[in-house]
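K.L.:
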Amino acid sequence: MKVVIVCVSVSHGNTARIAETMAEVLEARVVSPEEVDPAELDTCDLVGFGSGIFNLDFHPRLRRFVEELPEKQRRKAFVFTTSGLPEPPFRRYSRRLAWLLGRKGFDVVGTFACRGFDTWAPFKLVGGIRKDRPRTADFEAARRFAEALGD
1 MKVVIVCVSV SHGNTARIAE TMAEVLEARV VSPEEVDPAE LDTCDLVGFG
51 SGIFNLDFHP RLRRFVEELP EKQRRKAFVF TTSGLPEPPF RRYSRRLAWL
101 LGRKGFDVVG TFACRGFDTW APFKLVGGIR KDRPRTADFE AARRFAEALG
151 D
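Those letters in the sequence shown? Residues 1 to 151, by UniProt numbering.
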């Protein structure tokens with residue numbers, strides 16, 4: 001199975017570490033949006049899309065990459081995030097990205113989220129939140145999620 005994980009991880013490396021954990025299980029390559037040719041995604045059996053959450057949304061580089069993909073029939077995809085806070089019910093960013101990927105021809109087969117160290121504006125004043133995240137249990141959950149995708 002050919003798998004690529006498109007990941008943007010800029011603040012503390014939380015998302016990159018989760019992506020690498022999934023990549024080990026799936027024998028995947030982890031790339032930034034700038035490192036992958038969109039045409040390569042057409043040859044993949046599974047593509048992961050993930051970033052940390054910024055202002056209640058995926059990183060702009062990842063969103064822009066997905067928005068610019070041409071609409072065509074593709075295979076499976078999954079979405080993953082790390083953030084200091086859980087996804088709020090009034091701003092379902094994972095669902096929105098999954099919907100957009102569906103419009104681009106992907107069959108989104110799962111989403112994964114975990115907490116991560118966060119120093120976004122108000123949290124910076126107190127040294128950040130979730131300083132111990134992601135932790136061992138988060139990496140194990142990411143591993144189990146990836147194993148289920150590989151089945």
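Note that the Cβ used here is the ideal one computed from N, Cα and C, for glycine as well.
Could you name each continuous beta strand (DSSP E) segment of 3 residues or more that falls completely within the UniProt domain "Flavodoxin-like" (4-150), going from the start of the chain to the end?
P.N.:
29-31, 46-52, 76-83 and 107-115
K.L.:
With a cut-off of 8 Å on the beta carbons, I'd call residue 51 and residue 9 a contact; round off their distance for me.
P.N.:
7 Å
K.L.:
What is the rounded straight-line gap between the Cα of residue 53 and the Cα of residue 80?
P.N.:
10 Å
K.L.:
Going by the CB atoms, is the gap between residue 106 and residue 21 shorter than 8 Å?
P.N.:
Here residue 21 is not near residue 106, since their CB atoms are 8 Å or more apart.
K.L.:
Given that a residue counts as buried once 16 or more other Cβ atoms are within 10 Å of its Cβ, and exposed if not, what is residue 204?
P.N.:
Here the chain comprises residues numbered 1 to 151, so residue 204 is not present and cannot be evaluated.
K.L.:
Between residue 142 and the rest of its own chain, which residues show a CB-CB distance below 6 Å, the 5 nearest in sequence each way excluded?
P.N.:
Excluding residues up to 5 positions away in sequence, 18, 21 and 22 lie with their Cβ nearer than 6 Å to the Cβ of residue 142 in the same chain.
K.L.:
Could you tell me the distance, in whole angstroms, from the CA atom of residue 147 to the CA atom of residue 4?
P.N.:
15 Å
K.L.:
Taking the C-alpha atoms as reference points, what is the distance between residue 34 and residue 2?
P.N.:
19 Å
K.L.:
Got a sec? Which residues, its chain only, sit under 8 Å from residue 101 by beta carbon, not counting five neighbours each side?
P.N.:
49, 66, 77, 79 and 108
K.L.:
Are residue 42 and residue 74 touching if we call contact CB-CB under 8 Å?
P.N.:
Contact flag set, yes.
K.L.:
Report the CB separation of residue 57 from residue 63 in whole angstroms; it is logged as a contact under 8 Å.
P.N.:
7 Å
K.L.:
In angstroms, rounded to a whole number, what distance separates the CA positions of residue 135 and residue 15?
P.N.:
12 Å
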